[in-house]
Amino acid sequence: MNRLIGSFLELARGLQREEAQDVDLQQMIERLAPDVGAGGTQIEIRDCRCHVRAGAMALRRVLCNLIENAVRYGEGKAVEILCSEAADAVRIAVLDRGPGIPDDQMEAVFRPFHRLEGSRSKATGGSGLGLAIARQLAHANGWRLSLHRREGGGLEARLELPRPAQ
-17 MNRLIGSFLE LARGLQREEA QDVDLQQMIE RLAPDVGAGG TQIEIRDCRC
33 HVRAGAMALR RVLCNLIENA VRYGEGKAVE ILCSEAADAV RIAVLDRGPG
83 IPDDQMEAVF RPFHRLEGSR SKATGGSGLG LAIARQLAHA NGWRLSLHRR
133 EGGGLEARLE LPRPAQ
């Protein structure tokens, strides 16, 4: 119950902006991974040696929620985190090999308290707020968060942080 209340308060606070700072993605993700993957799921971090200017607390919360979901629904298979840089954005992909999400539910899972039928079990837990909080924080910071089905099964949660115009 305390976790649900905490998640709800986090959702309500989601629009608060924080000062942008230089964030080392590799370092941030390496610090998050042991806490989030505590259940023994292997988390592989690849090509995340880049820096972004962002609100560190918001970015940490978004990444934590995405990685937690990948671990929770990834059926014990390894979770991959990939980063790529382009002229216009830095992209962070959290990849799992779980059951995925049906196409007609891809946007619905971003609504507060929305859960897929298969995720309503004591084994997976969850409040249905993680993706809603992640999307709200992403939107408030000018980032884009989207979900994509993976060939061969699973899901890609993609966070794009636009680079400032030069």
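Residue numbers (my numbering): -17 to 148. In this text, a Cβ means the ideal position worked out from N, Cα and C, and glycines have one as well.
For arginine 13, the uninterrupted alpha helix (DSSP H) run begins and ends at 7 to 18, by DSSP. Proximity of the stretch 46 to 55 to the stretch 73 to 84 meets the contact definition, three or more beta-carbon pairs being nearer than 8 Å. Counted as a single uninterrupted DSSP element, the beta strand (DSSP E) harbouring glutamate 138 occupies residues 137 to 144. One thing to note: alanine 36 has its Cβ within 9 Å of the Cβ of alanine 2. Closest by C-alpha distance to leucine 45, out of Glu89, Ala90, Ala15, Leu137, is Ala15.
For aspartate 4, DSSP records a beta bridge to Arg35. In the three-state DSSP reduction, cysteine 30 falls in the coil class, being neither helix nor strand. Under a 10 Å Cβ-count criterion, methionine 39 is classified as exposed, with fewer than 16 other Cβ atoms of the shown protein chains found around its own Cβ.
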